[in-house]
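Undergrad: Sharing a structure below in structure tokens format, with a few things to ask.
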Amino acid sequence: MKEKRLLLGDEAIALGAIYSGLSGVYAYPGTPSTEITEFIQNDPLAKERGIRSRWCTNEKTAMEAALGMSYAGKRAMVCMKHVGMNVCADAFVNSAITGVNGGIVVIAADDPSMHSSQNEQDSRFYGKFAMIPIIEPSNQQECFDCMAHAFELSEKLRLPVLLRMVTRLAHSRAAVNIGVPCQQNCLKPDDERGRWVLLPGNARKQYDSLISKQPEIESCALESPYNRLELGKEGGTGVIASGIGYNYVKEASPEGISILKLSQYPIPKEEVKKLSSHCSDIVVVEDGQPFIEEQLKAILAADYPISGRLTGRLPRTGELNPDNVTAAFGKTSSAVYQKAVNISPRPPQLCQGCGHRDVYTALNKVLEEYPTARVFGDIGCYTLGALPPFRAIDSCVDMGASITMAKGAADAGLYPAIAVIGDSTFTHSGMTSLLDAVNDNSPITVILSDNLTTAMTGGQNSAGTHKFEAICLALGVEREHLHVVVPLPKNMDSITETIRREIDYKGVSVIIPQRECMQTLSRKMRAKKNSTK
Amino acid sequence: MKTDIKLSGVGGQGILSIATVIGQAATASGINLKQAEVHGMSQRGGDVQSDLRLSTEEIFSDQIPLGGADLIISMEPMEALRYLPYLSADGVIVTSSKPFVNIPNYPDENALMEELGRYTVHSLDIENIALSIQAPKSANMVLLGMAAKYIGIISEQDLKEAIRAVFSRKGEKVVEDNIKAFEKGYESIQ
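Okay, structure coming up:
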């Protein structure tokens with residue numbers, strides 16, 4: 000009998016990868032992708048097989064290391080949240096030009112509705128841009144099953160495969176049937192130098208080869224076990240439902256419809272044409288941006304009726320849910336009770352006792368004396384400093400932007416320009432920003448708030464822990480303008496004095512408030528208590 | 000047969016342990032289950048919720064539709080009210096009666112309890128009950144015990160078995176505390 004396990008979508012992907020003979024996972028934490036790598040880090044079979052799983056500094060280093068493992072002949076996986084695709088895009092797009100040796104599956108976890116993100120970009124566009132196969136599982140069982148399929152596809156086509164997840168599948172649990180693990184690949188480095196040395200002469204050949212593979216990639220999608228045409232009443236409505244969109248359509252169960260369940264791309268044109276000739280019109284139900292809907296116009300006749308997010312049949316933004324999909328098929332929403340009166344929003348907040356709190360208290364106190372000051376924030380728990388009671392930051396854009404935006408604003412004459420960045424974000428994308436600032440001797444004050452962990456995603460190791468002074472000095476920050484302080488209420492006077500002095504200095508200064516995250520600290524203390532019991 | 004449950008509370012209150020126990024019981028008794036959680040930033044003292052769907056049939060959507068929840072189980076009274084539009088016509092609310100106030104604009108407590116009282120609701124000071132049996136960390140299992148009567152698709156006995164399975168690695172004392180807490184909650188709804 001097959002073993003059954005209750006798994007999150009993320010965990011099903013992780014276990015599916017391990018069972019597919021994975022040799023290494025490369026990732027930077029990011030909601031909703033984090034649990035994939037964490038699962039592999041704790042899985043007994045992964046440990047037994049020595050699967051490489053430590054966190055990477057950022058998504059680009061992750062993608063490149065995976066490419067190296069693939070070059071050496073083994074199967075590698077890269078995991079990230081959707082915006083991580085922007086960081087690794089250079090390596091990702093070029094990995095389609097080199098192609099792979101051992102299979103590579105890149106997991107991009109999208110976050111429609113921005114539960115924990117700054118945009119809702121749809122990673123399927125990256126897959127199309129790189130011209131590689133994309134897989135978009137519909138449920139937890141498919142998450143597990145499609146990993147073996149994805150690695151086989153990757154090695155058959157000699158291309159990386161993109162697997163697109165969304166929050167609701169990543170963070171939803173269901174029972175999954177588990178098969179038998181297959182062996183890992185042996186070390187077998189690729190000997191074809193021409194594929195891997197992308198000088199223009201080689202790159203042109205590789206690009207031609209990628210183009211010539213396109214019909215085969217499409218026929219793989221046509222034959223994919225994850226795409227399925229369910230024909231209903233002739234002359235009725237046809238639905239193209241991708242990924243978890245399929246579930247909402249089945250839940251709404253509109254009468255007589257035909258469904259093309261789409262979980263592998265490129266869009267199989269033949270199936271779409273079959274659906275269109277069987278039906279009077281097509282509704283596209285896809286989570287994220289109108290990726291399929293836009294492409295249909297090039298597949299079907301200009302006057303064929305298509306509707307979806309672009310036409311307003313489904314909301315243009317935000318995630319799909321059973322309610323908006325049901326409404327798209329003419330049934331009304333069925334709330335019995337209206338919204339309650341006696342409720343207030345309860346936004347997340349910095350933990351009691353968190354060092355970031357003391358940092359913002361000190362910063363706000365000093366900045367009362369500098370009304371023209373602007374504070375450029377970054378991505379992490381400390382972004383919550385934007386909310387009351389602190390209201391301490393003026394911007395938050397992308398990983399590492401605090402330092403470089405402060406620098407640019409200082410270049411424009413803004414003073415004081417202050418950056419607030421966390422330790423993990425600094426090593427992810429802030430070090431090059433600091434080097435730019437040092438080289439220009441920009442008058443900025445950088446507060447590198449170090450809690451010794453990647454806190455927002457649940458306390459993963461941070462790449463630069465115990466190395467920040469050395470990194471800043473090596474990048475050229477002057478010793479006398481580099482300070483480590485301990486953010487505690489009792490040190491408030493000396494911290495404010497340090498901030499004030501460095502704002503007055505017209506060059507680059509870095510202040511490192513350093514104190515462990517309350518969450519990781521209490522977890523360690525609990526573990527210690529339990530072990531001494 | 001199906002039971003759709005909306006679990007709610009404040010980050011850190013232990014709603015996910017309730018979900019884990021129900022999930023374990025469902026899997027052990029061969030009932031289909033989907034359980035959608037919210038991870039990430041909302042854990043930090045913000046509102047958290049989880050959709051738990053149990054059915055003898057295939058379950059498609061990971062999320063419960065509006066008006067679809069048979070049960071709201073909440074570790075906090077205002078958080079129970081937040082999901083009212085998801086409650087079905089004959090749905091039941093099982094909640095802790097004790098407000099968790101970590102925001103400046105928390106509504107008037109009397110008005111809040113009065114509004115809750117307009118629905119089919121069971122509310123108890125679960126923390127106090129857990130304290131009274133010297134199991135202060137088991138308040139969430141008191142709540143699960145209260146809800147057990149309404150989780151028609153899984154028996155009380157299967158839920159207790161699941162508590163044993165889920166907490167066994169933490170030792171017999173923790174298991175017993177949680178079973179006792181569950182029973183206290185269960186008895187209160189007779």
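Protein chains in written order, with numbering that gives the first Met the number 0: chain A, 0 to 532; chain B, 0 to 189.
Beta carbons: idealized from backbone N, C-alpha and C, even for Gly.
Just to confirm, are residue 172 of chain A and residue 319 of chain A a CB contact at a threshold of 9 Å?
TA: On the first sequence, residue 172 of chain A is found 173 positions in, with the first residue counted as 1. On the first sequence, residue 319 of chain A is found 320 positions in, with the first residue counted as 1. No, they are not a contact pair.
Undergrad: By the 10 Å Cβ neighbour count, where 16 or more other Cβ atoms means buried, how is residue 432 of chain A classified, buried or exposed?
TA: Residue mapping note: residue 432 of chain A aligns to position 433 of the first sequence, counting from 1. Answer is buried; the Cβ neighbour count reaches 16.
Undergrad: In chain B, which residues lie less than 8 Å from residue 246 of chain A when you measure between Cβ atoms?
TA: Looking up residue 246 of chain A in the first sequence gives position 247. Within chain B, the residues near residue 246 of chain A are 59, 60, 61.
Undergrad: Using alpha carbons as the reference points, say which of B/164, B/151, B/159 lies closest to residue 4 of chain B.
TA: Numbered from 1 along the second sequence, position 5 holds the residue referred to as residue 4 of chain B. Closest by alpha carbon: B/151.
Undergrad: Output the residue ranges of the alpha helix (DSSP H) runs that lie fully inside the stretch 46-119 of chain B and measure 4 residues or longer, sorted by chain position.
TA: DSSP runs (the alpha helix (DSSP H)) wholly in the stretch 46-119 of chain B: 76-81, 108-115.
Undergrad: My understanding is that residue 334 of chain A touches residue 65 of chain B, with C-beta atoms under 8 Å, so please give their C-beta distance in whole angstroms.
TA: Translated into the one-based positions of the first sequence, residue 334 of chain A becomes position 335. Translated into the one-based positions of the second sequence, residue 65 of chain B becomes position 66. Residue 334 of chain A to residue 65 of chain B, Cβ: 4 Å. Contact.
Undergrad: Check whether the Cβ of residue 118 of chain A lies closer than 9 Å to any Cβ atom in chain B.
TA: As a working mapping, residue 118 of chain A is identified with position 119 in the first sequence. It does not: the Cβ of residue 118 of chain A has no partner Cβ on chain B nearer than 9 Å.
Undergrad: Could you name the residues that DSSP lists as bridge partners for residue 419 of chain A?
TA: Position 420 of the first sequence, counted from the start, is the residue given in the question as residue 419 of chain A. BP columns for residue 419 of chain A point to A/446.
Undergrad: Tell me which residue opens and which closes the beta strand (DSSP E) that residue 508 of chain A is part of.
TA: Numbered from its first residue, the first sequence carries residue 508 of chain A at position 509. Element bounds for residue 508 of chain A: 508-512.
Undergrad: Helix or strand or just coil, what does DSSP make of residue 0 of chain A?
TA: On the first sequence, residue 0 of chain A is found 1 positions in, with the first residue counted as 1. The predicted position of residue 0 of chain A is uncertain, since its pLDDT is 49 and thus under 50; no value can be drawn from it.
Undergrad: In three-state terms, what does DSSP make of residue 16 of chain B?
TA: Numbered from its first residue, the second sequence carries residue 16 of chain B at position 17. Three-state DSSP puts residue 16 of chain B in a helix.
Undergrad: What are the boundary residues of the beta strand (DSSP E) that includes residue 373 of chain A?
TA: Position 374 of the first sequence holds residue 373 of chain A. Its beta strand (DSSP E) spans residues 373-375.
Undergrad: Helix, strand or coil for residue 219 of chain A, going by three-state DSSP, please let me know.
TA: On the first sequence, position 220 is the one that residue 219 of chain A refers to. Reduced to three states, the DSSP call for residue 219 of chain A is helix.
Undergrad: Between the C-alpha atoms of residue 460 of chain A and residue 279 of chain A, what's the straight-line distance to the nearest angstrom?
TA: Taking the first sequence and counting its residues from 1, the one referred to as residue 460 of chain A is at position 461. Taking the first sequence and counting its residues from 1, the one referred to as residue 279 of chain A is at position 280. Each residue's alpha carbon lies about 55 Å from the other.
Undergrad: What in chain B is Cβ-close to residue 333 of chain A, meaning under 8 Å?
TA: As a first step, residue 333 of chain A is located in the first sequence; it is residue number 334 there, counting from the start. Result: 64, 65, 66, 67.
Undergrad: Which residues in the same chain have their Cβ closer than 6 Å to the Cβ of residue 350 of chain A, if we skip the five residues on either side of it in sequence?
TA: The sequence position of residue 350 of chain A within the first sequence is 351, counting from 1. So the qualifying residues of the chain are 517.
Undergrad: Using a C-beta cutoff of 9 Å, does residue 132 of chain B count as contacting chain A?
TA: Walking along the second sequence from the start, residue 132 of chain B turns up at place 133. Not an interface residue.
Undergrad: Can you tell which of B/130, B/34, B/75, B/182 has the C-alpha that lies nearest to the C-alpha of residue 158 of chain B?
TA: As a first step, residue 158 of chain B is located in the second sequence; it is residue number 159 there, counting from the start. The candidate whose alpha carbon is nearest that of residue 158 of chain B is B/182.
Undergrad: Residue 163 of chain B bridges to which residues according to DSSP?
TA: By 1-based counting over the second sequence, the position of residue 163 of chain B is 164. BP columns for residue 163 of chain B are empty, so no partner.
Undergrad: Is residue 277 of chain A helix, strand or coil when you go by DSSP?
TA: In the first sequence, the residue the question calls residue 277 of chain A occupies position 278. Helix, per DSSP.
Undergrad: Using a Cβ-Cβ cut-off of 9 Å, state whether residue 322 of chain A counts as contacting chain B.
TA: Locating residue 322 of chain A in the first sequence gives position 323, where the first residue counts as 1. Yes, residue 322 of chain A counts as interfacial toward chain B.
Undergrad: Could you tell me whether any Cβ in chain A is nearer than 9 Å to the Cβ of residue 87 of chain B?
TA: To locate residue 87 of chain B, count along the second sequence from 1; it is residue 88. Judged by the 9 Å Cβ criterion, residue 87 of chain B is in contact with chain A.
Undergrad: Verify the CB distance criterion: does residue 395 of chain A have a CB-CB separation below 9 Å to chain D?
TA: Here chain D cannot be found, since the structure's protein chains are A and B.
Undergrad: Taking all protein chains shown into account, decide if residue 276 of chain A is buried (16 or more other Cβ within 10 angstroms of its Cβ) or exposed.
TA: By one-based count along the first sequence, residue 276 of chain A stands at place 277. Exposed, because fewer than 16 other Cβ atoms sit within 10 Å of the Cβ of residue 276 of chain A.
Undergrad: Per DSSP, residue 121 of chain B forms a beta bridge with which residues?
TA: Sequence index remark: in the second sequence, residue 121 of chain B carries index 122 (1-based). According to DSSP, which records beta bridges pairwise, residue 121 of chain B is partnered with B/93.
Undergrad: How would you write the range of the beta strand (DSSP E) that residue 148 of chain A sits in, first residue to last?
TA: Taking the first sequence and counting its residues from 1, the one referred to as residue 148 of chain A is at position 149. Segment 139-156 is the alpha helix (DSSP H) holding residue 148 of chain A; no beta strand (DSSP E) there.
Undergrad: Quick check on residue 37 of chain A: does DSSP put it in helix, strand or coil?
TA: Numbered from 1 along the first sequence, position 38 holds the residue referred to as residue 37 of chain A. DSSP places residue 37 of chain A in helix when its eight states are reduced to three.
Undergrad: On the CB-based measure, 16 or more other CB atoms within 10 Å of its CB, does residue 514 of chain A come out buried or exposed?
TA: If you number the first sequence from 1, residue 514 of chain A lands on position 515. The residue in question, residue 514 of chain A, is buried, as its Cβ has 16 or more Cβ neighbours within 10 Å.
Undergrad: Taking only three categories from DSSP, how would you classify residue 6 of chain A?
TA: Position 7 of the first sequence holds residue 6 of chain A. If DSSP states are grouped into helix, strand and coil, residue 6 of chain A belongs with the strands.
Undergrad: Put residue 78 of chain A into one of helix, strand or coil per three-state DSSP.
TA: On the first sequence, position 79 is the one that residue 78 of chain A refers to. Residue 78 of chain A: strand per DSSP, three-state reduction.
Undergrad: Rank B/141, B/168, B/126, B/83 by C-alpha distance to the C-alpha of residue 118 of chain B and give the top, closest one.
TA: Stepping through the second sequence from its first residue, residue 118 of chain B is reached at position 119. Considering only alpha carbons, the answer is B/83.
Undergrad: Identify, in the order they occur along the chain, each residue of the same chain with its Cβ nearer than 7 Å to the Cβ of residue 347 of chain A, setting aside the five sequence neighbours on each side.
TA: Along the first sequence, read from residue 1 onward, the residue named residue 347 of chain A stands at position 348. Closer than 7 Å at Cβ, skipping near neighbours: 383.
Undergrad: Run through DSSP, which three-state label would residue 150 of chain B get?
TA: For the purposes of this step, residue 150 of chain B is identified with residue 151 of the second sequence, where counting begins at 1. Coil.
Undergrad: Please confirm whether residue 394 of chain A and residue 169 of chain A have their CB atoms less than 9 Å apart.
TA: Locating residue 394 of chain A in the first sequence gives position 395, counting from the first residue. Locating residue 169 of chain A in the first sequence gives position 170, counting from the first residue. Cβ distance not < 9 Å, so residue 394 of chain A and residue 169 of chain A don't count as in contact.
Undergrad: Going along the chain, which residues of its own chain have a beta-carbon closer than 6 Å to the beta-carbon of residue 378 of chain A, five neighbours each way excluded?
TA: Against the first sequence, residue 378 of chain A aligns to sequence position 379. Correct list, in chain order: 398, 424.
Undergrad: Using a cut-off of 9 Å between C-beta atoms, extract the partners of residue 349 of chain A located in chain B.
TA: Residue numbering aside, residue 349 of chain A sits at position 350 when the first sequence is read from its first letter. Result: 43, 44.
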